[in-house]
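Protein chains: 2
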Amino acid sequence: MQESAQPPHTDWDADAVCRQIAALCPPLEPEAVPLHQALGRRLRQSITAPEDLPPFDRSAMDGFAIRRDDPASRWVVVDRLRAGDWRPRTLQPGQAVAIATGAALPCAGLQVIPREFVHDLGNIIEIRERPPLDYIRRRGEDARAGDELVPHGVILQPGTLALLASLGHTRPQVTRRPTVWHLTTGSELVDPAETPGPGQIRDSNSILVQTFCANRGLQIRQWRLPEEEPVVARILEPARRGDVLVDLLLISGGASVGPHDFTRNLLEQCGYEVVIARVRARPGRPLIVARRGRSLAIGLPGNPLAHWVCLHIYVDCALRAWEGAPSPTPPWKTGLLTRTLDAAPDRFETFWPARWCLNPEGRALLEPLPWRSSGDLTALATANAILRLPPQTGPLTPSAPVSFLPLNLQP
Amino acid sequence: MQESAQPPHTDWDADAVCRQIAALCPPLEPEAVPLHQALGRRLRQSITAPEDLPPFDRSAMDGFAIRRDDPASRWVVVDRLRAGDWRPRTLQPGQAVAIATGAALPCAGLQVIPREFVHDLGNIIEIRERPPLDYIRRRGEDARAGDELVPHGVILQPGTLALLASLGHTRPQVTRRPTVWHLTTGSELVDPAETPGPGQIRDSNSILVQTFCANRGLQIRQWRLPEEEPVVARILEPARRGDVLVDLLLISGGASVGPHDFTRNLLEQCGYEVVIARVRARPGRPLIVARRGRSLAIGLPGNPLAHWVCLHIYVDCALRAWEGAPSPTPPWKTGLLTRTLDAAPDRFETFWPARWCLNPEGRALLEPLPWRSSGDLTALATANAILRLPPQTGPLTPSAPVSFLPLNLQP
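Which chain is which? The protein sequence lines are A and B, in order.
Residue numbering for the first sequence follows my numbering, starting at 15 and increasing by one per position.
Residue numbering for the second sequence follows my numbering, starting at 15 and increasing by one per position.
Structural data, given as structure tokens:
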């Protein structure tokens, strides 16, 4: 195991942490769910066409079906087919059937003349102009029975769900959602709605973790607790006893003296083995990753900016690995800096809140947002990306290529 | 009004449709909601700092506070401050206070020596190395009272919500959600779980519209109805009478003969004024846009590919305009084609399902997905973008720049 080869006290770089987390989080089992619950989830089966698509020759237009070999320019309308109708008949020369888009053709050897190519005289139609095509969607034209239509592993979006519905796949196999518990500890924390007393601060990590998970379709359980081991251990007791499977336990350390040791001791007390205890990256250096059987615990350093970074890099990596993503590590991209970045060279990898966009030529541009310390949350007001600076990066000039993680598409 | 200048029968191009829809959808009123309900919604106020941030000088590290003018190399630890503590005291030379990250400094004129720079002998500390900085986050360093921290109009993401929580803004003003009703009409439609009889097809538009809206945080009401005006009109009666305000009425036409006329007549029957009745773009040419007071109705052509395109281009435009987006029209981008696109020149603008990604150099690449007709849904399996071809575009070669709308970030 990699964690035995690299003891927890050793410094890990962020990529190594992600690889280790991915290795600790094999895909969770699939479950069959109704289509509306499958939105945004990863498909764990491949979907094939149950029959030829379309299953019969269909009209591609509203119009009139006639025999392909019929040279007439005037026809008697002998039937009218709506999309739901199914009335096979053999057409004779001089006969036409009014037909709606999508309706099954009444026999073989036909062509469809769209409405706009004829004069409609009631039960008689006359040609205005011979159309260039036959306007028929042929059986099997889109797919043959057995063809793979939706590959294993895609994230189910509305269009994919519509395709599944059209095929009658109404309970696709998707990865089950992990159970997530989140404990925020810290004696200095008060509810955001309260006015902090001297030395107190409002708890902003609870809403951060809750909404980060909500964006991934996860409803989580949360507690805000004093930094007292018996109190916290009591909450964790059902999980420790095995009465509840908690796939992911997140602990937001307070900023009291020794929060890192507090989380570490707590996790060890609850039977977790600490795998990673410190990361060569900032913010979020005092990260803790631990495991107990199939349960993963991540101890997040107290300040919200470190939380924000660690959630999007490390926690998301665990969630993607469990989901069954082919590459669960963060999908770092390259973009061009829009302005000078006056960062002093740092011996650690550094993550910056940033804004990205696609410029009119389709290039990713990155604007680092000003922030002074890991306690400075003001950059989070508008950040939509995380910029990554390798160790010893010095000041960067505009147009320098940089590595970044886009968080959303919004401008 | 633009709709009087351009009668409904005239053909509109897609951009003109979007501009018209945006003009018909002024921003909905704001409402105050709790933070967890504000996720993904547009902020309708500007948030300023209620006080200096941080509100007092704070330690930036776990360490020991000493007087800045104290030349000693050995100190007696006279107090220990956790983050929640607030015990002002004037330090004498030779005295140190152990202090946690984030804790308020006990008096002015201090510096913090991080733990790793001292030998900790219990109640005595000895210097190992003088640190280069003072490790203090000063009052007002991040923002001054009254500074704007979150601008009006941002979409509230988890990081922004954490910032709001830290400021005590627990009920931000955001745009209220529109009420959306969706009617699917068509006598040939059966539930996706049913096996269609001859000529019948499974209804895939209901799940498409439901999950498209769910992705935007909207829970909608839906009905699947036969294409019979009295039946449909009965459902709409409470809205017509004004008992319910339906901001957006979506009608998915069936594929029966004359679905366009059916929707049009139905809307006029219910008091809607048809503003747009046909679009110079494919798929989705027989689009209907109508209004009745503050209510907008959009009639979507029956086939799911046209639905998929029209939802992402026109319906999303209405939703963004109501939300208060600064530019509600679709954020078209430019990307480079990855392969030849053998499209015959068309007299209409054409939309294609496509896949986009950022290549390693940070350029947007576009792969058009094969599709044969508007009844072919197989491209929706993996599409994450809509490619737009202007009228008369001929075949395109790899690396040609094309206009596209990215739908999500997922690969």
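No residue lacks a Cβ here, since even glycine has one placed at the ideal position from N, Cα and C.
Assigned with DSSP and collapsed to three states, residue 330 of chain B falls in helix.
Annotation: the continuous alpha helix (DSSP H) that includes residue 244 of chain B extends over 243-255.
In summary, the residues of the region 171-201 of chain A whose CB is separated from some CB of chain B by less than 9 Å are 171, 172, 173, 174, 175, 176, 177, 178, 179, 180, 181, 182, 183, 184, 185, 200, 201, in the order they occur in the chain. Legend: CB atoms of the region 363-390 of chain A lying less than 7 Å from CB atoms of chain B belong to residues 372, 374, 375, 376, 377, 378, 386, 387, 389, 390. Comparing alpha carbon positions, the residue from B:343, B:385, B:44, B:402 closest to residue 189 of chain B is B:44. Looking at the DSSP output, residue 78 of chain B bridges to B:112, B:127.
Proximity to residue 290 of chain B across B:338, B:313, B:424 peaks at B:313, based on C-alpha coordinates. With its beta carbon at least 8 Å from every one in chain B, residue 276 of chain A lies outside the interface. Residue state for residue 278 of chain B is assigned as helix, using DSSP reduced to three classes.
The residues 197, 277, 313, in chain order, have a CB closer than 6 Å to that of residue 265 of chain A in the same chain once the five nearest residues on each side in sequence are set aside.
Within chain A, the residues placing a beta-carbon under 9 Å from that of residue 218 of chain B are 175, 176, 177, 178, 179, 180, 181, ordered along the chain.
Excluding sequence positions up to five before and after residue 156 of chain A, its CB lies within less than 6 Å of the CB of 67, all in the same chain and listed in chain order. Taking a Cβ-Cβ threshold of 8 Å, the residues of chain A close to residue 116 of chain B are 202, 215, 269, 316, 317, 389, in chain order.
A Cβ-Cβ separation of about 5 Å places residue 46 of chain A in contact with residue 187 of chain A under the 8 Å criterion.
In the structure shown, residue 29 of chain A falls within a helical segment according to DSSP collapsed to helix, strand and coil.
For residue 395 of chain B and residue 220 of chain B, the gap between their C-alpha atoms comes out near 17 Å. No Cβ-Cβ contact shorter than 8 Å links residue 260 of chain A with residue 227 of chain A. A straight line joining the alpha-carbon of residue 90 of chain A with that of residue 159 of chain A spans about 37 Å. Rounded to the nearest angstrom, the gap between the Cα atoms of residue 137 of chain A and residue 407 of chain B is 40 Å.
In the three-state DSSP reduction, residue 43 of chain B falls in the coil class, being neither helix nor strand.
Along the region 144-162 of chain B, the positions whose C-beta sits under 7 Å from a C-beta of chain A are 151, 155, 156, 157, read in chain order. One finds nothing in chain B with a Cβ atom closer than 9 Å to the Cβ of residue 167 of chain A; even the nearest lies about 10 Å away.
Taking a contact as a CB-CB distance under 8 Å, the pair residue 52 of chain B and residue 181 of chain B does not count as one, their CB atoms being some 13 Å apart.
Shown here for residue 323 of chain A: same chain residues with a beta carbon closer than 7 Å to its own, the five before and five after excluded, namely 297, 298, 365, 400 in chain order. Residues 73, 74, 75, 77, 125, 126, 127, 128 of the same chain have their beta carbon placed closer than 8 Å to that of residue 149 of chain A, with the five preceding and five following residues left out of the count. If you ignore the 5 residues before and after residue 27 of chain A, its C-beta comes within less than 8 Å of the C-beta of 293, 294, 295, 363, all in its own chain and listed in chain order. By the neighbour-count criterion, in which 16 or more other beta carbons inside 10 Å mark a residue as buried, residue 106 of chain B falls on the exposed side.
Using a Cβ-Cβ cut-off of 7 Å, residue 349 of chain A is close to 376 of chain B, given in chain order.
Where residue 352 of chain A is concerned, there is no enclosing beta strand (DSSP E), because DSSP gives it neither an H nor an E. Of all C-beta pairs linking the region 345-356 of chain B to the region 372-391 of chain A, three or more are shorter than 8 Å, placing the two stretches in contact.
At the C-beta level, residue 353 of chain A and residue 412 of chain A come within 8 Å of one another. Taking the C-beta atoms as reference points, residue 231 of chain B is found no nearer than 8 Å to residue 58 of chain B. DSSP, reduced to helix, strand and coil, places residue 313 of chain B within a strand of the structure shown.
The distance from the Cβ of residue 152 of chain A to that of residue 389 of chain B is about 11 Å, inconsistent with a contact at the 8 Å cut-off. The Cβ of residue 77 of chain B sits no closer than 8 Å to any Cβ of chain A.
A straight line joining the alpha-carbon of residue 326 of chain A with that of residue 381 of chain A spans about 18 Å.
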